[in-house]
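Structure record follows, encoded as structure tokens.
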Amino acid sequence: MIENILIIYLVFLNAVAFLTFGWDKSKARKSGWRIPEKTLLLLAALGGSPGAYAGMRIFHHKTKHIQFRLGIPLIFLVQMLLIYVVWDSFH
1146 MIENILIIYL VFLNAVAFLT FGWDKSKARK SGWRIPEKTL LLLAALGGSP GAYAGMRIFH
1206 HKTKHIQFRL GIPLIFLVQM LLIYVVWDSF H
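Positions 1146 to 1236 (the working numbering) are the ones given, in order, by the sequence shown.
Next up, the structure:
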């Protein structure tokens, strides 16, 4: 049961992160209101790092910013390490 909830959460959050990167790129092109970089990084940190990374690559957004270019993959690696440690402790 808890695994299903976690999967739904991660799928939803990654979709939101991906779409948010696309939306912010669209706003950047039109010089519209922008999504704060802190929000984009927070989405990744909350579990949406694969979606954020995909959004960066597909929309070519924030790829020149070092905090995103290195930060998003680093967040992903830390998340994978945490999953491994937690998984290993229960099995």
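Just so it is clear, CB atoms sit at the ideal spot from N, CA and C, and this is done for glycine as well.
Predicted model, so just to flag it, every value in this text is computed and none were measured.
### Query
When the Cα of LEU1215 is compared with those of LEU1155, ALA1189, TYR1229 and TRP1232, which residue comes out closest?
ALA1189
Quick one: grab the DSSP three-state call for MET1146. coil
Taking all protein chains shown into account, do 16 or more other C-beta atoms lie within 10 angstroms of the C-beta of LEU1187, making it buried, or fewer, making it exposed? exposed
- Message: According to DSSP, simplified to helix, strand and coil, what is LEU1151?
- Response: helix
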